[in-house]
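**Student:** Pasting a structure here, questions to come.
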Amino acid sequence: MLIGQNELDRIREYRPKIQPEVSLMRASVAIILRDTESGTEFLMMQRAQHENDPWSGQMSFPGGKIEPDDASPRAAAIREAYEEVGADLSDADLVGQLDDLYGLKVDGVYSVHVSCFIFKPSKTLSLVGNYEVADMVWLPLSYLHDAANAHSFTHPLDQAFSMPGVMIDEGKKQILWGLSLRMVMGLYELLDWPMPVLSEAQKEILKNIEKREMSRDNVDKITRKIINRGDD
3 MLIGQNELDR IREYRPKIQP EVSLMRASVA IILRDTESGT EFLMMQRAQH
53 ENDPWSGQMS FPGGKIEPDD ASPRAAAIRE AYEEVGADLS DADLVGQLDD
103 LYGLKVDGVY SVHVSCFIFK PSKTLSLVGN YEVADMVWLP LSYLHDAANA
153 HSFTHPLDQA FSMPGVMIDE GKKQILWGLS LRMVMGLYEL LDWPMPVLSE
203 AQKEILKNIE KREMSRDNVD KITRKIINRG DD
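Number 209 in my numbering belongs to position 207 of the sequence shown; there are no gaps in the numbering.
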């Protein structure tokens, strides 16, 4: 499956919903696209295992916290992509931006507010993961058209919450889920493509992630891990 010029134009013309909300953290990520003979792919990374990283081992897009020195959320996405996977997006084509997304709520406040930018570099990227990255995967968009790749599992921080996901590599425990999967779903919505890997009920769960409240117990666990990790 290849993203054609008409689809790229559709993404460029889209005006994302950017509605600032009170959150514990502001973050920014990059969806990096490339075309191959078999179709368009997007880059994902698996976070390195770290006992004090609450997102240890999870699949995500290059990105992270927006720092005070970042000129904009877009600048933060470009900086993080270079720091984490060595992707130089300074001259890459910014195709567009998805609607801002929000994580689970904590005492009525969003845990994270994420901006997501779509880039399509004109040149081949030389990728090198830093200490935060265990693996990198170029995932074909066609992968999301196979319902056999669907995977449901219990949310690691909320045992009562069954989350839809997409199995990438079972041996490496690579599962696309949560806000990262919601971002891919947002890309598919912009492309006006079906996404058979998820049922309509599963899509509704993803769309309503931000309405769920995280327990104070789980928040404290995450906070302790982040504090213990320090500057590692």
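For glycine and all other residues, C-beta sits at the position ideal for the given N, C-alpha and C.
(1) Let me confirm a value: residue 229 is counted as buried when at least 16 other C-beta atoms fall within 10 Å, else exposed. Which label applies?
(2) Let me know if residue 42 comes out buried or exposed under the rule of 16 or more other beta-carbons within 10 Å of its beta-carbon.
(3) To the nearest whole angstrom, what separates the beta carbons of residue 235 and residue 193, a pair I think is in contact under 8 Å?
(4) Suppose only complete runs of 3+ residues qualify. What are the beta strand (DSSP E) ranges in the stretch 77 to 158, listed by chain order?
(5) Assess contact between the stretch 175 to 194 and the stretch 44 to 53, defined as three or more Cβ pairs (one per stretch) separated by less than 8 Å. Is contact present?
(6) Quick check: what's the CA-CA separation for residue 11 versus residue 98?
(7) Could you check what DSSP says for residue 12 in three-state terms: helix, strand or coil?
(8) Less than 8 Å between the beta carbons of residue 290 and residue 143, yes or no?
(9) How would you label residue 173, buried or exposed, when you count the other beta carbons within 10 angstroms and need 16 or more for buried?
(10) Specify the secondary structure class of residue 26 as computed by DSSP and reduced to three states.
(11) Nearest to residue 202 by CA position, among 82, 176, 17 and 149, is which residue?
(12) Give the straight-line distance between the Cα atoms of residue 176 and residue 27, rounded to the nearest whole angstrom.
(13) Span of the alpha helix (DSSP H) holding residue 207?
(14) Apart from the five residues on each side of it in sequence, which residues of its chain come closer than 7 Å, Cβ to Cβ, to residue 15?
**Tutor:** The answer reads as follows:
(1) Position 227 of the sequence shown, counted from the first residue, corresponds to residue 229. Residue placement at residue 229 cannot be trusted, given a pLDDT of 40 that sits under 50; what the coordinates show is reported in the next sentence. With fewer than 16 other Cβ atoms within 10 Å, it is exposed.
(2) Position 40 of the sequence shown, counted from the start, is the residue given in the question as residue 42. When all chains shown are included, residue 42 counts as buried.
(3) Lying outside 3 to 234, the shown extent of the chain, residue 235 is not represented and no answer is given.
(4) 95 to 99, 115 to 122, 135 to 142 and 152 to 157
(5) yes
(6) Mapped onto the sequence shown, residue 11 falls at position 9. Mapped onto the sequence shown, residue 98 falls at position 96. Answer to the nearest angstrom: the Cα atoms are 9 Å apart.
(7) For the purposes of this step, residue 12 is identified with residue 10 of the sequence shown, where counting begins at 1. Looking at residue 12 - three-state DSSP - the assignment turns out to be helix.
(8) Limits of the chain in this structure are 3 at one end and 234 at the other, which puts residue 290 out of reach.
(9) Along the sequence shown, read from residue 1 onward, the residue named residue 173 stands at position 171. Exposed, because fewer than 16 other Cβ atoms sit within 10 Å of the Cβ of residue 173.
(10) Residue 26 sits at position 24 when you count from the first residue of the sequence shown. If DSSP states are grouped into helix, strand and coil, residue 26 belongs with coil.
(11) Locating residue 202 in the sequence shown gives position 200, counting from the first residue. If we check each option's Cα against that of residue 202, 149 comes out closest.
(12) Mapped onto the sequence shown, residue 176 falls at position 174. Mapped onto the sequence shown, residue 27 falls at position 25. Near 25 Å, if we compare the C-alpha coordinates of residue 27 and residue 176.
(13) Counting from one through the sequence shown, the residue named residue 207 turns up at place 205. From DSSP, the alpha helix (DSSP H) with residue 207 extends over 202 to 209.
(14) As a first step, residue 15 must be located in the sequence shown, where it is residue number 13. Within the same chain, residue 15 has no close Cβ partners at all.
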